[in-house]
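Visitor: Handing you a structure now.
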Amino acid sequence: MFGLPLGFAAPAALAALIALPALWYLLRVTPPRPRRIDFPPLRILADLLPERETPARTPPWLLALRLLAAACLILAVSGPVWNPTPQAAGDGRAPLVLVLDNGFSAAQDWRDRLRVATAEVEAASRAGRPVALLPTASGPTGIEATGPGPALERLRAIAPLPHLADRAAHLPALTAFLDKAPGSTVVWIHDGVAGPDGDAFPKGLAAVAGRDRAEITVLKAERPPALALAGPDSSGGQIGVSVVRAAANGRDAGTVRALDAKGLPLAETNYSFAAGADAAPVRFDLPVELRNAIARFEIAGEHSAGAVVLADERGRRRRVGLVFGGTADQAQPLLSPTYYLSRALTPFADVLEPRGGRGVAESIGQMLDSQVSVLVLADVGALDPATLERVSAFVDKGGLLLRFAGPRLAAGSDDLVPVRLRRGGRNLGGTLSWDSPRTLAPFAPESPFAGLTPPADIGVRRQILAEPDGELARRTWAALQDGTPIVTAAKRREGMVVLVHVTADTTWSNLPLSGLFVTMLRRVVALAGTTPPTADAAPGAAPPVLAPRLTLDGFGALKSPPATARAVPATWTERATPEHPPGYYGPVDGGLAVNALTAEDRLKTLDLAALAALAGARFGGLEEARTRDLRGPFFLAALLLLALDTLASLWLGGFLGRLSARLRRRPAAAALVLGLLVLGAAPETARAAEPAANRPNGIESALVTRIAYVITGDATVDETSRAGLAGLTQMLASRTALEPGEPAGIDPAKDELAFYPLIYWPIVPSRPPPSEATIRRIDAFMKNGGTVIFDTRDAMTARPGGPPTPEALALQRMLATLEVPELEPVPRDHVLTKAFYLVDAFPGRYATGQTWVEALPPASEGGERRPARAGDGVSPIVITGNDLASAWAVGRRGEALYPLVGGDPRQREMAFRGGVNLVMYALTGNYKADQVHVPALLERLGQ
């Protein structure tokens, strides 16, 4: 407009500017200034005779002031926008199709993408065009055009998903829509990373656009900014991952952290990309104990599911003990079975061999004393009773026994074999054979070796045969082409026994010379310490499935699995999909980790050559000039101008002079007015005047225990929080040994949080959400042992099964990028219900809301029943909707400030008791769950 980057959402409202001349005629007259008349007693009637007077003209400057205020109001109503998004090309009445990439590769700069998408929808709203949204990482569904308002609401609900976008799956729906609405405009906000469909989507989109005369606009960053992790990789005696990117993007160096199951850092390693490289390997050289404690790798500062790799039992590095039953002459390097086994196991396991052992029994004893996870016996025959008992106990407690055949095992075996064996072996080939050497048959789907392809050149010349019985087929993991077993296994209590029916060297077969031998050993060793799901599976049956337990969201935070998540087979080794999002599947012990990328995956840029060749296609970036809504500034300017007009009218009418005279006669009133103006102009001085002990920062805060509340900016809510925590503090001082200080109002973006064990945060949906930096500070506070109570205060308005309240939506947006643990309603046996008082609920002003804490591990079956259970630490988060602060709030004389909603006359007392329990729980942790407190708790419970 007039060469300026200015647009209007309602340009028809500008027609009101035509009425400004008429408004000028109405505003130019102002009442005359009152005439001051003396009161002489004798001439009162003559002096008060009415005279004809002409109204005074409005001063030009006041007239201009009023016209300017009216113009600001008209401009504000017209919806001015600075730097408006240009209207997309194409038919101005045809729909706008907004294609938005929302895979994990879009999470890093998601706010920029959402801003650009919002600007496109608002531009369509100004043009009166319908809008259709197509998030590419979501499941394929029909595309429907709606009004810009509903489209904007749906756009705000879209979030990154934890997998790569399969864009080609949406081509049929997009083609059908464009066929029905030719001439539409397609705006694709692209993340620059190719999905599993490769370049099929841009080629298909170019073909459809050329046929249906659709206008194409592609908006993307100059270089794909996403970084991701591929792995884990346990080869080479170390564990590591690879940092990958689609193309060189200037982010050439950073840090990868290894975390344990509680989110505590175990190690970190820097990475750097070589010039033009798209992958940077990262290795961690750690002791076995630390390495096996790793549960998660992540790129520091990269918040996406692709930048996280979860580790499971398959990535643990096991200690494997090797024992050979032959003589010292047979245990020669390059010839003995232990040589082949050691070379095959070293890349992914810590291999131990006996030193100075004088026999099989002593060698086995050395290995068991070294706390091995896997015991490998190569051609070891029957064990003596004492050794047999030790090995049996090792297996029963979860160990894995892997045995290889040989002459000694063929001559005599013990009970530590998965199947009954025939004495002697079967010869295949040679001068005395009745058959030729056989190779391996394809592995069954239920076998741990499923998915591997046996090489055709593998030949078995001799094997130990198993006695046929009803269990043989169920316990067979691998067999020859004639069906005779070559690998059998059986579960034995918590552990497992696996038998390879050939030797570990090349005397009976050439299997140890193949790469298949290494892969088979890797999969067998990975079963150590887990529940092998396929040990006794029926032949031909599908492999067992593992249900999702915790899954990653698009920003890389572990949460409860979505409703669309499906179980995965126990043999799953692929990358995550929409039906199988990345996360943990199966039980806590022995579960399976699914990651966004596998160790072999790499990110690739998407080829847009097909769209670039399309006539009229436009390409733009995400860093274009930002739009700004000017309605607020214009309304504010009109309000200020009207206030100035009021003051000017008072001055012209002489009222300001009278007011100043009265104030001069009443200095106390003048001082009061001046004080009110000073307080209103500088609200922050109140905080500066606080005593040192009440300031949220400084050494004084570390000298006294205090509860903190978050200053939201809403004066009423903040005062309620202060009064509520003040009442709770008085209750703690009178009923417990704790002597807390006055509660502190804090700004989590600026103030130090480490001084406070407990922070109360009321949710106010009308206030701006906290910044990403503030969320990271809260995340660090919670990980370091602090507890935050999020109070939505919506128990009265929330309806079970109904739509979420504005407070709940605000909390969801706040916690979207926060690593929140799995939550559950406070169970009756939670230690929080017995931290000081015995309570079964946590009411506030309302008593109908639910209180949520971190989920406890399941109680052990058959174990001793305990009155109080706890996890490994204090729950870092408590969520409630009962408006706790209003129930705790008291005045200066100790009177309650707010009425309660509920029929229980003891509701306020129970609210205080619940608050005391929350504070004592945050300060003392789970000590009430210790065994020493059980008798006292049982006595108080009347049990």
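The numbering of the sequence shown is our numbering, which starts it at 843 and goes up by one. Even glycine gets a Cβ: it sits at the ideal position worked out from N, Cα and C. The structure presented is a predicted model; accordingly, all values stated were derived computationally and were not measured.
Would a C-beta distance cut-off of 8 Å place Pro1123 and Ser1084 closer than the cut-off?
Guide: Residue 1123 sits at position 281 when you count from the first residue of the sequence shown. Residue 1084 sits at position 242 when you count from the first residue of the sequence shown. The answer is yes: Cβ separation under 8 Å.
Visitor: If you drop the 5 nearest sequence neighbours on each side, which residues of the same chain put their C-beta closer than 8 Å to that of Ile1617?
Guide: For the purposes of this step, residue 1617 is taken as residue 775 along the sequence shown, with counting starting at 1. Counting only Cβ-Cβ distances below 8 Å, and skipping sequence neighbours, we find Met1656, Thr1659, Leu1660.
Visitor: How many angstroms separate the CA atom of Leu1574 from the CA atom of Pro1699?
Guide: Within the sequence shown, residue 1574 is the residue found at index 732, counting from 1. Within the sequence shown, residue 1699 is the residue found at index 857, counting from 1. Rounded to the nearest angstrom, the two C-alpha atoms are 30 Å apart.
Visitor: Touch check for the segment 1095-1111 and the segment 1123-1137: three-plus C-beta pairs under 8 Å?
Guide: Contact holds: three or more Cβ-Cβ distances are below 8 Å.
Visitor: Suppose contacts are defined by Cβ-Cβ distances below 8 Å. Is Ala1409 in contact with Tyr1426 by that definition?
Guide: Along the sequence shown, one-based indexing puts residue 1409 at 567. Along the sequence shown, one-based indexing puts residue 1426 at 584. No, they are not a contact pair.
Visitor: On the three-pair Cβ rule with 8 Å, is the segment 1661-1676 touching the segment 1633-1648?
Guide: Output reads no: the segment 1633-1648 does not touch the segment 1661-1676.
Visitor: Considering only C-alpha positions, which residue in the set Leu1358, His1343, Ile1306, Ala1331 is nearest to Pro1296?
Guide: In the sequence shown, counting from the first residue as 1, residue 1296 sits at position 454. Cα-wise, what sits closest to Pro1296 is Leu1358.
Visitor: Would DSSP call Lys1592 helix, strand or coil?
Guide: On the sequence shown, residue 1592 is found 750 positions in, with the first residue counted as 1. Coil at Lys1592, not helix or strand.
Visitor: With Tyr1181 as the anchor, note down where its alpha helix (DSSP H) starts and where it stops.
Guide: Residue mapping note: residue 1181 aligns to position 339 of the sequence shown, counting from 1. 1179-1187 is the extent of the alpha helix (DSSP H) around Tyr1181.
Visitor: Could you tell me how far apart the beta carbons of Ala1727 and Leu1600 are, in whole angstroms, since I believe they sit closer than 8 Å?
Guide: On the sequence shown, residue 1727 is found 885 positions in, with the first residue counted as 1. On the sequence shown, residue 1600 is found 758 positions in, with the first residue counted as 1. Not a contact, Cβ separation roughly 13 Å.
Visitor: For His1672, name the three-state secondary structure that DSSP assigns.
Guide: Residue numbering aside, residue 1672 sits at position 830 when the sequence shown is read from its first letter. In this structure, His1672 counts as strand in the three-state DSSP scheme.
Visitor: Is the segment 1061-1077 in contact with the segment 1135-1147, if contact means three or more CB pairs nearer than 8 Å?
Guide: Yes: at least three Cβ pairs fall under 8 Å.
Visitor: Bridge partners of Ser1114, per DSSP?
Guide: Against the sequence shown, residue 1114 aligns to sequence position 272. DSSP output for Ser1114 lists Ala1095 as bridge partner(s).
Visitor: Where does His1012 fall in DSSP's three states?
Guide: If you number the sequence shown from 1, residue 1012 lands on position 170. Here His1012 sits in helix by DSSP.
Visitor: Write down the C-beta distance between Gly1337 and Gly1240 rounded to the nearest angstrom, noting that I regard them as a contact closer than 8 Å.
Guide: Counted from its first residue, the sequence shown places residue 1337 at position 495. Counted from its first residue, the sequence shown places residue 1240 at position 398. That belief holds up - the Cβ atoms of Gly1337 and Gly1240 are roughly 5 Å apart, short of 8 Å.
Visitor: Taking the alpha helix (DSSP H) that Asp1041 belongs to, which residues open and close that run?
Guide: Within the sequence shown, residue 1041 is the residue found at index 199, counting from 1. Premise fails: Asp1041 is in no alpha helix (DSSP H) and is neither H nor E.
Visitor: So, is Arg1133 buried or exposed, given that buried needs 16 or more other C-beta atoms within 10 angstroms?
Guide: Within the sequence shown, numbered from 1, the residue matching residue 1133 stands at position 291. Looking at its Cβ environment, which holds 16 or more other Cβ atoms inside 10 Å, Arg1133 is buried.
Visitor: Take Ala1320 as the anchor and find which of Ser1289, Ser1356, Leu910 has the nearest alpha-carbon.
Guide: Counting from one through the sequence shown, the residue named residue 1320 turns up at place 478. Closest by alpha carbon: Ser1289.
Visitor: In three-state DSSP terms, what is Ser1255?
Guide: Taking the sequence shown and counting its residues from 1, one reaches residue 1255 at position 413. Coil.
Visitor: Under DSSP, the beta strand (DSSP E) around Tyr1602 begins and ends at which residues?
Guide: Numbered from 1 along the sequence shown, position 760 holds the residue referred to as residue 1602. Counting along the chain, the beta strand (DSSP E) containing Tyr1602 begins and ends at 1600-1604.
Visitor: Just to confirm my understanding: we take Pro1024, look at its own chain, exclude 5 residues before and 5 after, and list those with CB closer than 6 Å. What are they?
Guide: The residue labelled residue 1024 in the question sits at position 182 within the sequence shown. Asp1054, Arg1055.
Visitor: What separation, rounded to the nearest whole angstrom, lies between the Cα atoms of Thr1766 and Thr1629?
Guide: On the sequence shown, residue 1766 is found 924 positions in, with the first residue counted as 1. On the sequence shown, residue 1629 is found 787 positions in, with the first residue counted as 1. Thr1766 and Thr1629: Cα-Cα distance of roughly 12 Å.
Visitor: Taking its Cβ as the centre, do 16 or more other Cβ atoms sit within 10 Å of Thr1800, making it buried, or is it exposed?
Guide: Residue 1800 cannot be examined here, being either before or after the span of the chain that is shown, 843 to 1785.
Visitor: With H, G and I counted as helix, E and B as strand and the rest as coil, what does DSSP make of Leu1483?
Guide: On the sequence shown, position 641 is the one that residue 1483 refers to. In this structure, Leu1483 counts as helix in the three-state DSSP scheme.
Visitor: Out of curiosity, what's the CA-to-CA distance linking Val1329 and Ser1212?
Guide: Taking the sequence shown and counting its residues from 1, one reaches residue 1329 at position 487. Taking the sequence shown and counting its residues from 1, one reaches residue 1212 at position 370. Cα to Cα, Val1329 sits roughly 27 Å from Ser1212.
Visitor: In this structure, does DSSP put Ser1205 in helix, strand or coil?
Guide: Looking up residue 1205 in the sequence shown gives position 363. Three-state DSSP puts Ser1205 in a helix.
Visitor: Measuring only the C-alpha atoms, how far is Ala1683 from Val1761?
Guide: Taking the sequence shown and counting its residues from 1, the one referred to as residue 1683 is at position 841. Taking the sequence shown and counting its residues from 1, the one referred to as residue 1761 is at position 919. Going by the C-alpha atoms only, they are around 15 Å apart.
Visitor: Can you round the beta-carbon distance between Leu1439 and Gly1148 to whole angstroms, since I take them to be within the 8 Å contact cut?
Guide: As a working mapping, residue 1439 is identified with position 597 in the sequence shown. As a working mapping, residue 1148 is identified with position 306 in the sequence shown. The pair is a contact, with the Cβ atoms about 6 Å apart (cut-off 8 Å).
Visitor: Please identify the residue among Ala1235, Asp1221, Ala1220 whose C-alpha is closest to the C-alpha of Pro1227.
Guide: To locate residue 1227, count along the sequence shown from 1; it is residue 385. The option with the nearest alpha carbon to Pro1227 is Ala1235.
Visitor: Using CA coordinates, which residue listed in Arg1735, Trp1350, Asp1094 is at the minimum distance from Ser1178?
Guide: One-based indexing of the sequence shown puts residue 1178 at position 336. The residue with the shortest Cα to Cα distance from Ser1178 is Trp1350.
Visitor: Thr1180 and Leu1194: beta carbons closer than 8 Å?
Guide: If you number the sequence shown from 1, residue 1180 lands on position 338. If you number the sequence shown from 1, residue 1194 lands on position 352. No, Cβ-Cβ distance for Thr1180 and Leu1194 is not below 8 Å.
Visitor: My output table needs one value for Gly1325: the three-state DSSP class, helix, strand or coil.
Guide: Against the sequence shown, residue 1325 aligns to sequence position 483. Note: Gly1325 maps to coil in three-state DSSP.
Visitor: Quick check on the burial criterion: 16 or more other C-beta atoms within 10 angstroms. Buried or exposed for Leu1341?
Guide: Translated into positions along the sequence shown, residue 1341 becomes position 499. So Leu1341 ends up on the buried side.
Visitor: Consult DSSP for Arg953 and reduce its assignment to one of helix, strand or coil.
Guide: Taking the sequence shown and counting its residues from 1, one reaches residue 953 at position 111. Arg953: helix per DSSP, three-state reduction.
Visitor: In angstroms, rounded to a whole number, what distance separates the CA positions of Ala969 and Val1606?
Guide: Here residue 969 is taken as the residue at index 127 of the sequence shown, counted from 1. Here residue 1606 is taken as the residue at index 764 of the sequence shown, counted from 1. Computed Cα separation, rounded: 34 Å.
Visitor: In this structure, what does DSSP give as the bridge partners for Val1083?
Guide: By one-based count along the sequence shown, residue 1083 stands at place 241. Per DSSP, Val1124.
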